[in-house]
Every structure is written in structure tokens, then in C-alpha cells.
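Right, one structure below, let's go through it.
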Amino acid sequence: MTKFAIIGPGAVGSTIAFELQQHFDDTLLLGRQEATLSYYPGNHMPMHQLQVQSLTATTAKVDVLFVAVKTYQLNTIIEDIKRITHQDSIIVLAQNGRTNLETLTLPNVYQAVVYISGQKEQNTVTHFRDERLHVQDSPQTRNLAQLLAPTNLELKLESHIEDTIWYKLLVNLGINTVTALTQSTAKVLKDNKVNHLCRQLIDEGAHVALAEGVNLPKDIVTQIMSIYEGYPDEMGTSMYYDIIAGRALEVEAIQGYIYRTGQKHNLAIPTITTTYTLLHGYLHSK
Ligand code: NAP
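By the UniProt record's numbering, the letter at position 212 of the sequence shown is numbered 212, and the numbering carries on one by one without gaps.
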């Protein structure tokens, strides 16, 4: 029987664990320490208690591992990941942005694009909407998608995952950057100058993606700006909430990754360079 584990009992990891545990008894939710979480699945379903076990105390080997810690926390758990997986385990990074998979020295790692929305406050996790992960199509992920078919967690197989990753990267690039730097919610896009800066960011990001050989729609800037238009004025982004709370930001996996890729291709990306530098400076001051 397949043994599942999820590292990171936050908004994303708890949702994955809850859905898997409805069908697979052998599913571990692993965190810094043992805990009991109050999990609200949404859709008026009642609260469900989720048991978290200590990652460092876990000795079991698992066949499928979902990693749902923040991108800047990944480096701290690499040795734990190695300890609890075997050479045929599948590791799915359920995180935003783009991690340089080559540096991880882990086999069978898949960068997912996450469409799961929720939030964690102390020991309470609330799931808002969506339960979908996009991953590269391969014989391994096809098997996994079949295993997950009875669950509410959808594994969408992509023939070119880089295209999906870059689309989400650019969606995050524009709105996360401007809401974090202005410390304002989505209403900040009503300011013409900020709106223009946001367009510039996506436009420069699209040039970087093009240089990487990524396939994006020709009207990507307009598409993403119209996605933002659907956001309620008071909606914040993860980076907005993190900066307001004085927490670390996932800058290196989003703005930093795009910036470094642009540098690699010798592209002039002044708006990305300036805004990334400011966010980098914020992180350095932490
Ligand atoms: P989160 O709520 O902060 O959850 C991360 C969890 O990992 C926390 O419970 C954290 O514990 C735990 N963790 C950190 N370091 C650990 C360690 N060394 N050992 C064990 N557990 C550890 O984050 P999230 O919102 O679920 O986000 C996870 C990823 O999904 C991020 O990349 C995020 O950008 C992405 N994402 C999130 C959403 C969303 O709506 N939340 C949507 C799309 C994508 P502590 O709290 O003790 O640090």
C-alpha cells in the first residue's frame, strides 16, 4: 500500500493531508512538533481535527511526499526529506515560485503549481477554495494521478510544466511586488502609476520567459491585468500579509528567480531589477 506524507502543516499541506486521509489511512502530516490542528474544509463542512507528527522524530519511509513549507524553509528540511524517502519515492513541491531543482540533489522531484487557497492562524487552518496541483506529465505522475483519482485533490498533468510555472510566476510577480512594496491591498492598482509599474513588471517577466523558451499567450500582460481587475479592493497577497506581519518573503523563488534568469540571458529588466533589489533589501534587514 502506498504510504503518503506531507511536510508543512500549513494552509496548503493541511488541505492535502485532509483530502488524502479521507481515502488513505497511511498518510502522515509532519510538522516541527506534534500538534492537533483544527481544520475547516470549507463548503460548510464541519471542523475536523488533524494530527501533526514531528518530522524530526519520523523514521518511516514514504512513497509519496508532498512538501508544503514556504520556499525559504525548504533548505532546512532537505536532510529530513532524504531520511524519509527511498530512491523510488515521488517528491512533489507544493510551493509557489520556482525552486532550482538541480541544487536539491533529490531524485524524482516535481515542482507543482499550486491552486489551493487557505490560511493558517496558530493551530487553526481554514481552506477557502481550490484543491488542484499541476505537475509535469510522466509515467510516475500518471500513476500518482490515478491513485489520487478518488480524492478531491486533483493532480493535473501538464505536457510542458514550465509554461504553467511561468504563467503563475508572472501572476505572482506583478501583484505581489506592488502590494508588498506599497503595503497596500489590490486597490493600489487603481493608482495609474502603480498600475503602469505592474504592467511593466509582467512585460519584462514575459521577455525573460520568452528567452527561456517558455510558451505564453501573446496577450499575457492584458490577461494577467484582467485577472487582477477581478480582485476585490481589500484583497491582500501572501507577500502583502507577510510584509505587514514582518515575516520573511518568498522573494527568491519568485522575483529573485525571474531576475536571475533575466541576468543569465543578459536582458535589460530595470523594473524587475529595482523592485527585486528593494525586496531583497527588506529581507536582508530581517
Ligand atoms: P504556511 O501556512 O506557512 O505553512 C507552512 C508550514 O510548514 C507551517 O506550518 C510551518 O510551520 C511548516 N514548517 C516550516 N518549516 C518547517 C520544518 N523545518 N519542519 C516542519 N514543518 C515546517 O504556508 P502555506 O500558505 O501553506 O504555503 C505553502 C506553499 O504554498 C508556499 O510556497 C505558498 O506560497 C504556496 N501557496 C499558498 C497558498 C495559500 O493560499 N496559502 C496558495 C497557493 C500557493 P511554522 O508555522 O511553525 O513555521
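Note that CB positions come from ideal geometry on N, CA and C, so glycine has one too.
Problem - DSSP beta-bridge partners of Lys-120 - result: Answer is Val-125.
Practice task
For Asn-96, verify whether its CB is less than 7 Å away from any heavy atom of ligand 1.
Solution key: Yes, the Cβ of Asn-96 comes within 7 Å of a heavy atom of ligand 1.
Exercise for the section: Determine the contact status of Asn-176 and Met-239, defining contact as a CB-CB distance below 8 Å. Expected result: Yes, the pair counts as a contact, with Cβ atoms nearer than the cut-off.
Handout entry: Contact test: Ser-38 Cβ vs ligand 1 heavy atom, cutoff 7 Å
Key = No.
Exercise for the section: Specify whether the region 132–149 and the region 190–210 touch according to this definition: at least 3 beta carbon pairs, one from each stretch, less than 8 Å apart. Expected result: Because the criterion of three Cβ pairs below 8 Å is not met, the region 132–149 and the region 190–210 do not touch.
Problem - C-alpha gap between His-86 and Glu-79, whole angstroms - result: Distance between the alpha carbons of His-86 and Glu-79 is about 13 Å.
Exercise for the section: Tell me Ile-254's beta-bridge partners as DSSP assigns them. Expected result: Partner(s): none; Ile-254 has no beta bridge.
Exercise for the section: Please report how far the alpha carbon of Val-113 lies from the alpha carbon of Asp-130, in whole angstroms. Expected result: So the two alpha carbons sit approximately 12 Å from each other.
Handout entry: Identity of the residue in Gly-281, Leu-267 and Ile-202 nearest residue 294 by Cα
Key = The structure shown does not extend to residue 294, since the chain spans only 1 to 286, so no value can be given for it.
Exercise for the section: Please confirm whether any heavy atom of ligand 1 lies closer than 7 Å to the CB of Glu-250. Expected result: Relative to ligand 1, Glu-250 has its C-beta within less than 7 Å of a heavy atom.
Problem - Exposure of His-134, with buried meaning 16 or more beta-carbon neighbours within 10 Å - result: By the neighbour-count criterion, in which 16 or more other beta carbons inside 10 Å mark a residue as buried, His-134 falls on the buried side.
Exercise for the section: Would you be able to state if there are at least three C-beta pairs under 8 Å between the region 33–45 and the region 215–227? Expected result: No, the region 215–227 is not in contact with the region 33–45.
Practice task
Could you please give me the residues that DSSP links to Gly-31 through a beta bridge?
Solution key: In DSSP, Gly-31 forms a bridge with Ser-54.
Practice task
List in chain order: all unbroken alpha helix (DSSP H) runs of 4+ residues lying wholly within the UniProt domain "Ketopantoate reductase C-terminal" (161–282).
Solution key: Correct list: 161–182, 192–211, 220–229, 238–244 and 255–264.
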